[in-house]
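Trainee:
Number of protein chains: 4
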Amino acid sequence: MLFNIGIYEKTPWIVELFYNVNLSPSLDSTIVTATKERIVNVKILFDEIKQYIKNGDREKHLQLLRMHPDLCLKIDPATPKDDSSKDVDITKESRQEQGRAGLSTLTPDERTKFHSLNNQYKERFEFPFILAVRNASKYTVLSALEGRVSSSIEEEISCALSQVDKIAWMRLLTKVDYAEGTNGHGGFLTCHVLDTANGSPASGMRIELYRYEDGPEQNGKRTQQRILLKSFVTNSDGRLDGPALRGVEFDVGQYEWQFYVGDYFAKFSMSRLSGTPFLDVVPLRFGLDDPTEHYHVPLLVSPWSYSTYRGS
Amino acid sequence: MLFNIGIYEKTPWIVELFYNVNLSPSLDSTIVTATKERIVNVKILFDEIKQYIKNGDREKHLQLLRMHPDLCLKIDPATPKDDSSKDVDITKESRQEQGRAGLSTLTPDERTKFHSLNNQYKERFEFPFILAVRNASKYTVLSALEGRVSSSIEEEISCALSQVDKIAWMRLLTKVDYAEGTNGHGGFLTCHVLDTANGSPASGMRIELYRYEDGPEQNGKRTQQRILLKSFVTNSDGRLDGPALRGVEFDVGQYEWQFYVGDYFAKFSMSRLSGTPFLDVVPLRFGLDDPTEHYHVPLLVSPWSYSTYRGS
Amino acid sequence: MLFNIGIYEKTPWIVELFYNVNLSPSLDSTIVTATKERIVNVKILFDEIKQYIKNGDREKHLQLLRMHPDLCLKIDPATPKDDSSKDVDITKESRQEQGRAGLSTLTPDERTKFHSLNNQYKERFEFPFILAVRNASKYTVLSALEGRVSSSIEEEISCALSQVDKIAWMRLLTKVDYAEGTNGHGGFLTCHVLDTANGSPASGMRIELYRYEDGPEQNGKRTQQRILLKSFVTNSDGRLDGPALRGVEFDVGQYEWQFYVGDYFAKFSMSRLSGTPFLDVVPLRFGLDDPTEHYHVPLLVSPWSYSTYRGS
Amino acid sequence: MLFNIGIYEKTPWIVELFYNVNLSPSLDSTIVTATKERIVNVKILFDEIKQYIKNGDREKHLQLLRMHPDLCLKIDPATPKDDSSKDVDITKESRQEQGRAGLSTLTPDERTKFHSLNNQYKERFEFPFILAVRNASKYTVLSALEGRVSSSIEEEISCALSQVDKIAWMRLLTKVDYAEGTNGHGGFLTCHVLDTANGSPASGMRIELYRYEDGPEQNGKRTQQRILLKSFVTNSDGRLDGPALRGVEFDVGQYEWQFYVGDYFAKFSMSRLSGTPFLDVVPLRFGLDDPTEHYHVPLLVSPWSYSTYRGS
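Protein chains in written order, with the numbering used here: chain Y, 1 to 312; chain S, 1001 to 1312; chain F, 2001 to 2312; chain C, 3001 to 3312.
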């Protein structure tokens, strides 16, 4: 049953409260019916659950944050255990996320810096450092620690709660089975190529879509492989005929468009010619994070400039 | 001596004319002196030479274009020789450029299409198809042929002359020794990272610079390797301390910046958090074409969008 | 009857040829039927007509260009008539376009420059200077003359023919009645606002749409007034509910979006606050040129940057 | 003396603390000397002062926020006084800022909405709503109230403290005389135009710079006038020869570049011609907020797209 599972670290009251107020058999049946009509997908469910935290007071906020394990324990098994860290067991969910952190390659200098920042952080804010980035590298963790350690207390509580919400959302998604008859969480990926030199859709442009996947470890370091998923040619409106990814294909991870921009512009007599084009193959690497959303990832391109954005 | 060499395919009169009007010992010495004072670099030299073509009439233009070999002979050794192609020998310069074309992998359908377009082109314009793109793939050639075969006659003469000028410029650069005491052709590469979410330079961002080089051939296909050249961290103004490439390092070819955008933004409490960032490692692949110019290749980036352009 | 009218300056053979080959009663009826099925709108009609010029030879091209009046006669009534200009009468269509040129305010220096460039142009290319810009100012004309006078002969024939085609297209549109039961030429205007700081549509943003119209003349100078046409608020997808302009409202001319960006971002706690926002009211002025097309004119905006483009 | 003045609303301890720790005559003279060497401009001074707030605890934060007057009293004189509002007098500084709010035109519906949101806000957060936007319109205030009223308590304390810091900074600047021998606060404005269709600086483009100033009131409504300050033509690098504004000219306020993009592109033979250019005169309106900073406000433009950003 969904409402037994831990999405907020060792803090079941949040989900329970939602359940008791909206779904419990002890409630008037019209309430339960209204809930079921309202909560038509997992996103709406989560939007309601997380309001209980947002509207909570400082005590509730600090309690929740303090339930999280110290990052040191997660990423550096050599950390000497102190008393405060003993109090917090690491949940199964947290341990699984730890496995992906890829932080086993700290140099001695980096380790010193990391422990120093982490200690400053705990002393200043009195709760552990929390980071909701999947596959964070040591650089990500150090950058986040450095930036956040000098925040004001309220800035940092806000930021840490965002991380907690994000972690809860990611855990929730892994635990929700697709509803019967459906296929994936509803998100999908689309593309569009605009030719900003000619003011028109870029039709007939070849595009490839790759996915980055973990390759074999080399000398203790994580490697990545780029797998070609699909090839496309843009239609007369500069678009693909349908989503590039949808359903179960539309999975969290890192992807890359590869646009054959140089070949496209070769068909025009452009005013300023390049023997080696400034833009030839344009790679555009992006993360799909939320499998319930539409990701529109377009390219606006001239022979001398381009831009992209997360559209919708 | 520079002015003996062939930069325009089998058309020595262009360079000779420049020489006779500006540098010949038979001229008044004040003219030669003025020339030497004016022509301080190879770019100014070439800008003057190519005016002789630009200001030429249609006959001169067609003559020049017809001196070029048929692309078929260059890229498809199996082409049956016809009478018209026999008239034009392929110069040494042209043959060397041919070697890089990488067009040996035409499928039967592509070969048919290619010959058909090429024949249409020759029949319509009565001069051979000319393309000044280094390392053009079969897709580049087919795209250019398809686009240009339906141009008007004047559009296509203009376009073909641009290609001819470009080829001449590339040949000229390979033949000019660096002037004494100098080091390279004077071009250099710079970078700048602007954080458009915060309206400030992006300081402390890690950047890597790669160069693409030919790898070992595999099954008759060209492969490429990406070589790490340098690593940088942006300074407080979001820039590098000095050019990334200059002097002899600043060579024609394909390069790639790799920006560690995700790590950079991890230090802020951004309003909309991604477990898998939309932008994490941002690759930016670009060609350096003209070794005499300044290439400024910046990144303007928020967690959800970015753009780049050839600056100066 | 459409095919009697002059869209190409004193050169009726172009439209006549189309008529004789595709629509003449003397043709086999299957040809005429096929034409009527194929030519479903004025754009397709024009695309076919202009091929006759594109595929024409140099003589046809020069003849057509030489039918056009000298720009001097059009914009500067004080021009002394020479023999060549006498040969070319100014058609009614051309005279009407002249009225809008707004070039009556040349200073003596500008007049000298203008005549000098115009004479160089005619001497170099042996046809008159042609410019298809509506409401061109003296700056536009001088800029175009300066840029084009140093082109090669083929570049300039190409460019001048583009102007001629454009003028023909604009004349054609003024002469085509809307088909029965329709309403305008089919073009329409849409908008979209993306928030690139938050990676989401910008919902709830106020937008105004203005049209620029000629105001009363002041001291012999053209003035413009900005008329508010409509006000909008973006929906949850950052779009308007339907086209902003369509049908007869969608008219050639200059327009301006006004986006209340500062008010929109005031609802967020942005990281770097401005007492006077860098972006508050963002004006975006654009021309609608072709009443048969879809103009998508979006805004991608953070508190510190924005971009726009002609989309579709 | 600078350190007597109120920059933080009725909260002198902040500046006093800085003074006592760094500048008081009772301190060891080496400390005072070090302070004077370190604090070379007003920005560095303020960066140190505001740390006392940032590092303060929740009690200090709430105390400071509660010293501010209720926005209702400032902008709507008809607000019935309640007990809580009586406790907080409005300082002279606050009253002056009030005058500019331009909120006297609330419709009855807007007034109702405004009071309702304001009451919700005070009840939820127990401190008054604070907004540091100069010349905020009623739309700005309503948008900010609506967005922030549903924040978590820590998010809103953070946001309100940013407003307080910003107000303090703006007050500080109005009270600092320029140092002897200097001229203004050191900020300046620059521009750059890149032609992204041709991959080069846009040279020879005309630019005008306007300033928006308050015009005469009309029917009780604020009006604005646009005053032409200067005209420029871009140099061969697409830049202006020196800052557009600096010294005392570089003043807080709203400005507008006007770029004559259409005239610039008229000199090229562009591939897709517009009778009414998509981009002709491009206005770019921006605020100068901080007179100590460099504002680089460039334009990247093709005939069909443009972008801008706050650079440095």
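The beta carbon of each residue, even a glycine, is placed where N, CA and C say it ideally should be.
Any beta carbon of chain C sitting closer than 9 Å to that of ARG100 of chain Y?
Mentor: As a first step, residue 100 of chain Y is located in the first sequence; it is residue number 100 there, counting from the start. Any reading at ARG100 of chain Y needs caution, since the residue's pLDDT is 47, under 50, leaving its predicted position unreliable; the model's value is listed next. No, because no Cβ of chain C sits closer than 9 Å to the Cβ of ARG100 of chain Y.
Trainee: Taking the CB atoms as reference points, tell me whether PHE232 of chain Y and LEU245 of chain Y lie closer together than 9 Å.
Mentor: Sequence index remark: in the first sequence, residue 232 of chain Y carries index 232 (1-based). Sequence index remark: in the first sequence, residue 245 of chain Y carries index 245 (1-based). No.
Trainee: Check whether the Cβ of TRP2304 of chain F lies closer than 9 Å to any Cβ atom in chain S.
Mentor: If you number the third sequence from 1, residue 2304 of chain F lands on position 304. Yes, contact with chain S.
Trainee: When DSSP labels each residue in this structure, what does HIS1115 of chain S get in the three-state scheme?
Mentor: For the purposes of this step, residue 1115 of chain S is identified with residue 115 of the second sequence, where counting begins at 1. Correct three-state label for HIS1115 of chain S: helix.
Trainee: By how many angstroms is the C-alpha of TYR3255 of chain C removed from the C-alpha of PRO3291 of chain C?
Mentor: Position 291 of the fourth sequence, counted from the start, is the residue given in the question as residue 3291 of chain C. Position 255 of the fourth sequence, counted from the start, is the residue given in the question as residue 3255 of chain C. If you take the alpha carbons of PRO3291 of chain C and TYR3255 of chain C, they lie about 14 Å apart.
Trainee: Between the C-alpha atoms of ALA1266 of chain S and PRO1201 of chain S, what's the straight-line distance to the nearest angstrom?
Mentor: The residue you call residue 1266 of chain S lines up with position 266 of the second sequence. The residue you call residue 1201 of chain S lines up with position 201 of the second sequence. Taking the straight line joining both Cα atoms gives about 16 Å.
Trainee: Would a C-beta distance cut-off of 9 Å place VAL3282 of chain C and LEU3189 of chain C closer than the cut-off?
Mentor: On the fourth sequence, residue 3282 of chain C is found 282 positions in, with the first residue counted as 1. On the fourth sequence, residue 3189 of chain C is found 189 positions in, with the first residue counted as 1. Contact flag unset, no.
Trainee: DSSP on HIS3185 of chain C, reduced to helix/strand/coil?
Mentor: Residue mapping note: residue 3185 of chain C aligns to position 185 of the fourth sequence, counting from 1. Coil at HIS3185 of chain C, not helix or strand.
Trainee: What's the call for SER29 of chain Y, buried or exposed, on a 16-neighbour Cβ count within 10 Å?
Mentor: Working through the first sequence from its first residue, we reach residue 29 of chain Y at position 29. SER29 of chain Y comes out exposed.
Trainee: Note down, in chain order, each residue of its chain lying with its Cβ closer than 7 Å to the Cβ of ILE3156 of chain C, except the 5 sequence neighbours on either side.
Mentor: Locating residue 3156 of chain C in the fourth sequence gives position 156, counting from the first residue. Going by the sequence as given, residue 3156 of chain C is Glu instead of Ile. Excluding residues within five positions, the ones whose Cβ falls inside 7 Å are PHE3125, ARG3148.
Trainee: By a C-beta neighbour count over all protein chains shown, 10 Å radius and 16 as the cutoff for buried, is ALA2144 of chain F buried or exposed?
Mentor: Within the third sequence, residue 2144 of chain F is the residue found at index 144, counting from 1. Burial call: buried.
Trainee: Could you spell out the range, first to last residue, of the beta strand (DSSP E) harbouring ILE2227 of chain F?
Mentor: Here residue 2227 of chain F corresponds to residue number 227 of the third sequence, with the count starting at 1. From DSSP, the beta strand (DSSP E) with ILE2227 of chain F extends over 2224–2233.
Trainee: Measure the C-alpha to C-alpha separation of LEU117 of chain Y and ARG206 of chain Y and round it to an integer number of angstroms.
Mentor: For the purposes of this step, residue 117 of chain Y is taken as the residue at position 117 of the first sequence. For the purposes of this step, residue 206 of chain Y is taken as the residue at position 206 of the first sequence. Looking at the two C-alpha atoms, the distance is approximately 47 Å.
Trainee: Does PRO1283 of chain S come within less than 9 Å of chain Y when only Cβ atoms are used?
Mentor: Within the second sequence, the letter at position 283 stands for residue 1283 of chain S. Yes, contact with chain Y.
Trainee: My output table needs one value for HIS2068 of chain F: the three-state DSSP class, helix, strand or coil.
Mentor: For this step, residue 2068 of chain F is matched to residue 68 along the third sequence. HIS2068 of chain F: coil per DSSP, three-state reduction.
Trainee: Considering Cα atoms alone, identify which of S:LYS1036, S:PRO1025, S:ASP1280, S:GLU1154 is closest to GLY287 of chain Y.
Mentor: Position 287 of the first sequence, counted from the first residue, corresponds to residue 287 of chain Y. When only C-alpha atoms are compared, the closest one is S:ASP1280.
Trainee: Measuring only the C-alpha atoms, how far is VAL1248 of chain S from GLY1187 of chain S?
Mentor: Along the second sequence, read from residue 1 onward, the residue named residue 1248 of chain S stands at position 248. Along the second sequence, read from residue 1 onward, the residue named residue 1187 of chain S stands at position 187. So the alpha carbons of these two residues sit roughly 9 Å apart.
Trainee: State yes or no: is the C-beta of GLU217 of chain Y within less than 9 Å of the C-beta of ILE227 of chain Y?
Mentor: As a first step, residue 217 of chain Y must be located in the first sequence, where it is residue number 217. As a first step, residue 227 of chain Y must be located in the first sequence, where it is residue number 227. Going by C-beta atoms, GLU217 of chain Y is not nearer than 9 Å to ILE227 of chain Y.
Trainee: In the DSSP assignment, find the unbroken beta strand (DSSP E) run with TYR264 of chain Y in it and report its ends.
Mentor: In the first sequence, residue 264 of chain Y corresponds to position 264, counting from 1. Per DSSP, TYR264 of chain Y belongs to no beta strand (DSSP E); it is in the alpha helix (DSSP H), 261–265.
Trainee: So is ASN2119 of chain F in contact with chain S if we call contact Cβ pairs under 9 Å?
Mentor: Indexing the third sequence from 1 puts residue 2119 of chain F at position 119. No, its Cβ sits nowhere closer than 9 Å to a Cβ of chain S.
Trainee: Just to confirm, are SER1024 of chain S and SER2158 of chain F a CB contact at a threshold of 9 Å?
Mentor: Here residue 1024 of chain S refers to the residue found at position 24 of the second sequence. Here residue 2158 of chain F refers to the residue found at position 158 of the third sequence. No, the Cβ-Cβ distance between SER1024 of chain S and SER2158 of chain F is not below 9 Å.
Trainee: Bridge partners for PRO1108 of chain S per DSSP, in chain order?
Mentor: Along the second sequence, read from residue 1 onward, the residue named residue 1108 of chain S stands at position 108. Its beta-bridge partners do not exist; DSSP assigns none.
Trainee: Could you check which residue in C:PHE3268, C:ARG3285, C:SER3150, C:LEU3017 has the C-alpha nearest to that of LYS54 of chain Y?
Mentor: Position 54 of the first sequence, counted from the first residue, corresponds to residue 54 of chain Y. Among C:PHE3268, C:ARG3285, C:SER3150, C:LEU3017, the Cα nearest to that of LYS54 of chain Y belongs to C:SER3150.
Trainee: Check whether the Cβ atoms of GLY1275 of chain S and VAL252 of chain Y lie closer than 9 Å to each other.
Mentor: Along the second sequence, one-based indexing puts residue 1275 of chain S at 275. Along the first sequence, one-based indexing puts residue 252 of chain Y at 252. Cβ distance < 9 Å, so GLY1275 of chain S and VAL252 of chain Y count as in contact.
Trainee: Are there any heavy atoms of the ligand ZN lying less than 8 Å away from the beta-carbon of LEU3245 of chain C, as far as the coordinates show?
Mentor: The ligand ZN is absent from the structure shown, which contains no ligands of any kind.
Trainee: Out of curiosity, what's the CA-to-CA distance linking VAL3193 of chain C and THR3308 of chain C?
Mentor: The residue labelled residue 3193 of chain C in the question sits at position 193 within the fourth sequence. The residue labelled residue 3308 of chain C in the question sits at position 308 within the fourth sequence. Roughly 10 Å between the two C-alpha positions.
Trainee: Can you list, in chain order, the stretches of the alpha helix (DSSP H) that have 4 or more residues and sit fully within the stretch 1026–1066 of chain S?
Mentor: Correct list: 1029–1038, 1042–1054, 1058–1066.
Trainee: Roughly how many angstroms separate the alpha carbons of ASN20 of chain Y and GLY184 of chain Y, rounded to a whole number?
Mentor: Position 20 of the first sequence, counted from the first residue, corresponds to residue 20 of chain Y. Position 184 of the first sequence, counted from the first residue, corresponds to residue 184 of chain Y. Taking the straight line from one Cα to the other gives about 29 Å.
Trainee: Run the CB neighbour count on PRO108 of chain Y, radius 10 Å, all protein chains shown included, and call it buried at 16 or more, exposed below.
Mentor: Here residue 108 of chain Y corresponds to residue number 108 of the first sequence, with the count starting at 1. PRO108 of chain Y should be labelled exposed.
Trainee: Closest Cβ-Cβ distance between LYS2086 of chain F and chain C: below 9 Å?
Mentor: Stepping through the third sequence from its first residue, residue 2086 of chain F is reached at position 86. Only weak support is given to the placement of LYS2086 of chain F: the predicted model assigns it a pLDDT of 45, under 50, and the value that follows is read from those uncertain coordinates. Judged by the 9 Å Cβ criterion, LYS2086 of chain F is not in contact with chain C.
Trainee: Less than 9 Å between CB atoms is the rule here; does ALA197 of chain Y satisfy it with respect to chain C?
Mentor: Working through the first sequence from its first residue, we reach residue 197 of chain Y at position 197. So, interface residue.
Trainee: Do GLY242 of chain Y and SER2312 of chain F have their C-beta atoms within less than 9 Å of each other?
Mentor: The residue labelled residue 242 of chain Y in the question sits at position 242 within the first sequence. The residue labelled residue 2312 of chain F in the question sits at position 312 within the third sequence. Contact flag unset, no.
Trainee: In this structure, what does DSSP give as the bridge partners for PHE3286 of chain C?
Mentor: Translated into positions along the fourth sequence, residue 3286 of chain C becomes position 286. Its beta-bridge partners are C:TYR3255.
Trainee: Interface residues of chain Y around ARG2058 of chain F at Cβ under 7 Å?
Mentor: Locating residue 2058 of chain F in the third sequence gives position 58, counting from the first residue. Under the 7 Å cutoff, chain Y gives no residues; its nearest Cβ is about 18 Å from ARG2058 of chain F.
Trainee: Might you give, ordered along the chain, the residues of its own chain that have their beta carbon closer than 8 Å to the beta carbon of LEU1142 of chain S, omitting 5 neighbours on each side?
Mentor: Counting from one through the second sequence, the residue named residue 1142 of chain S turns up at place 142. So the list reads GLU1110, LYS1113, PHE1114, LEU1117, once near-sequence residues are dropped.
Trainee: Distance check for ARG1066 of chain S and LEU284 of chain Y, CA to CA, integer angstroms please.
Mentor: In the first sequence, residue 284 of chain Y corresponds to position 284, counting from 1. In the second sequence, residue 1066 of chain S corresponds to position 66, counting from 1. Between LEU284 of chain Y and ARG1066 of chain S, the C-alpha separation is close to 41 Å.
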